[in-house]
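Heads up, the thing below is written out as structure tokens.
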Amino acid sequence: MSEGRITVPTLRARKRRNGDTPIVMVTAYDEPGARIVSDAGADIILVGDSVANAVLGYEDTLHVDIQVMAHHTAAVARAKPRCLILGDMPWMSYHLSPDDAVRNAATLIRAGAHAVKLEGGRARLPAIEAIIRAEIPVMGHLGLTPQSVLAMGGFRVQGKTADAAGALLDAAKALSAAGCFAFVIEGVPDVVGAAVTEAVDVPTIGIGAGAACDGQVLVFHDLLGLGKGTPPKFVRQYADVGRIATEAIAAFAEDVRSGTFPSDAESYHAPAGLGDALA
Ligand code: KIV
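Take 53 as the starting number for the sequence shown in this note's numbering and just add one per residue.
Right, dumping it as structure tokens:
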């Protein structure tokens, strides 16, 4: 482990109510993305299963398996970022048995992750406990869990009734008691994000869960304007990289078609005499 890297124990202790700085988490799926996120000073790179939508063109996250996640985790790890690398466990990699969950978590660790994240509440406790017993740190993920898209009937804000919010609070307490070092709370009303954050001693990292969480996460492509269609309400787009990239490639196309690329300075030159010999 390289000097100065962000670790699980330092993250586990970071609560805003203790005066700590909020945790910054951004997704990345490849080496250049990981370099950018690390150079920008984020704390955690999430190699999210959102690679399915953001990079691979699927409509949901159900189409990536552990091999795909390991492939992208390894690419991120090659950037040697200062951030903690968090490998996202894909659908069906922790649902069959605790043993299977441990094996799949180990696949992400061997690919370069320092911890894993998985979705769900009390039903996932056996898998979470088994992975933690194998010395692999686990981040939970509650609220709008995208791998439950079929069961939820779409990507819908969760925890909107007193019962549903109570169940979320109960799950959050159970996950932190089981040893999760943090969890993501996604797509819940801000008061629910605040109540969960207050109820647990480990940090919460919000996405569409209001301002009170102990950290925030966004998807790389949403943050940079590389996404398709209108981003969800909770996204703040900090740059229009998609437009800049399209304009740059259009300029290249124009230069090729007009014959101004490559220039003399962009061409290799032969030793004196070779041109004459080829004439
Ligand atoms: O895969 C992902 O990008 C995520 C975030 C939405 C937290 O799980």
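Idealized CB from N, CA, C, for every residue including glycine.
Separation of Asn70 from Gly139, as counted between CA atoms
Translated into positions along the sequence shown, residue 139 becomes position 87. Translated into positions along the sequence shown, residue 70 becomes position 18. In this structure, the CA atom of Gly139 is about 28 Å from the CA atom of Asn70.
Just grab the DSSP bridge partners of Ile75 for me.
The residue you call residue 75 lines up with position 23 of the sequence shown. According to DSSP, which records beta bridges pairwise, Ile75 is partnered with Gly267.
Buried or exposed for Thr298, please, with buried defined as at least 16 other CB atoms from any protein chain shown within 10 angstroms of its CB.
As a first step, residue 298 is located in the sequence shown; it is residue number 246 there, counting from the start. Exposed, since its Cβ has fewer than 16 Cβ neighbours within 10 Å.
Please confirm if the segment 223-238 is in contact with the segment 159-177, defined as three or more CB-CB distances below 8 Å between the two stretches.
yes
Taking the beta carbon of Leu148 as the centre, do at least 16 other beta carbons fall within 10 Å, making it buried, or is it exposed?
Position 96 of the sequence shown, counted from the start, is the residue given in the question as residue 148. By the neighbour-count criterion, in which 16 or more other beta carbons inside 10 Å mark a residue as buried, Leu148 falls on the exposed side.
Using only CA atoms, which one of Ala223, Pro283, Asp152, Phe207 lies nearest to Thr249?
In the sequence shown, the residue the question calls residue 249 occupies position 197. The candidate whose alpha carbon is nearest that of Thr249 is Ala223.
Identify, in the order they occur along the chain, each residue of the same chain with its Cβ nearer than 8 Å to the Cβ of Leu63, setting aside the five sequence neighbours on each side.
In the sequence shown, residue 63 corresponds to position 11, counting from 1. Cβ within range, chain order: Ile75, Asp95, Ile96, Leu136, Phe233, Ala234, Pro255.
Answer yes or no: the CB of Leu98 versus the heavy atoms of the ligand KIV, is any distance below 8 Å?
Within the sequence shown, residue 98 is the residue found at index 46, counting from 1. Flag set: Cβ of Leu98 near the ligand KIV.
Mind reading off the beta-carbon distance from Ala217 to Ala247? Whole number of angstroms is fine, and I expect it under 8 Å.
As a position in the sequence shown, residue 217 is number 165, starting the count at 1. As a position in the sequence shown, residue 247 is number 195, starting the count at 1. Yes, they are in contact, since the Cβ atoms of Ala217 and Ala247 sit about 7 Å apart, within 8 Å.
Option nearest Glu336 by Cα separation, candidates Asp117, Ile118, Val103:
Only positions 53 to 331 of the chain appear in the structure, and residue 336 is not among them; the question remains open.
Write down every uninterrupted run of the alpha helix (DSSP H) in the segment 79-158 whose length is 4 residues or greater and which is fully enclosed by it, in chain order.
83-91, 103-106, 118-129
Are the segment 186-206 and the segment 160-172 touching, with three or more C-beta to C-beta distances below 8 Å?
In this structure the segment 186-206 lies against the segment 160-172, because at least three pairs of beta carbons, one per stretch, are closer than 8 Å.
Under 6 Å Cβ to Cβ from Leu278, same chain only, skipping five residues before and after it: list those, please.
Against the sequence shown, residue 278 aligns to sequence position 226. Within the same chain, Cβ atoms closer than 6 Å to the Cβ of Leu278 are found at Val293, Gly294, the five residues on either side in sequence being excluded.
Between which two residues does the beta strand (DSSP E) holding Val236 run?
Stepping through the sequence shown from its first residue, residue 236 is reached at position 184. Taken as a continuous stretch (DSSP letters only), the beta strand (DSSP E) holding Val236 covers 234-238.
If you draw a straight line from the C-alpha of Phe313 to the C-alpha of Tyr320, how long is it?
What you label residue 313 is simply residue 261 of the sequence shown in a count that begins at 1. What you label residue 320 is simply residue 268 of the sequence shown in a count that begins at 1. Answer to the nearest angstrom: the Cα atoms are 13 Å apart.
If the criterion is Cβ atoms closer than 9 Å, does the pair Gly164 and Ala126 meet it?
For the purposes of this step, residue 164 is taken as residue 112 along the sequence shown, with counting starting at 1. For the purposes of this step, residue 126 is taken as residue 74 along the sequence shown, with counting starting at 1. Yes; because the gap between Cβ atoms is below 9 Å, this pair is in contact.
Quick check: what's the CA-CA separation for Glu238 versus Ile259?
Taking the first residue of the sequence shown as position 1, residue 238 is located at position 186. Taking the first residue of the sequence shown as position 1, residue 259 is located at position 207. Taking the CA atoms as reference points, Glu238 sits about 5 Å from Ile259.
Just verifying my parser: in three-state terms, what is the DSSP assignment at Lys225?
Counting from 1 along the sequence shown, the entry for residue 225 is found at position 173. Correct three-state label for Lys225: helix.
My output table needs one value for Thr62: the three-state DSSP class, helix, strand or coil.
As a working mapping, residue 62 is identified with position 10 in the sequence shown. If DSSP states are grouped into helix, strand and coil, Thr62 belongs with the helices.
Segments assigned beta strand (DSSP E), at least 3 residues, entirely inside the segment 162-190:
167-169
Check whether the Cβ of Leu194 lies closer than 9 Å to any Cβ atom in chain C.
Annotation note: the requested chain C is absent from the structure, which comprises a single protein chain.
I need the boundaries of the alpha helix (DSSP H) containing Thr249, first residue and last residue.
Your numbering for residue 249 matches position 197 in the sequence shown. Here the alpha helix (DSSP H) through Thr249 covers 242-251.
Which of the three DSSP states, helix, strand or coil, is assigned to Leu194?
The residue given as residue 194 occupies position 142 in the sequence shown. Reduced to three states, the DSSP call for Leu194 is strand.
Please report the residue range of the beta strand (DSSP E) in which Thr256 lies.
Within the sequence shown, numbered from 1, the residue matching residue 256 stands at position 204. Element bounds for Thr256: 256-259.
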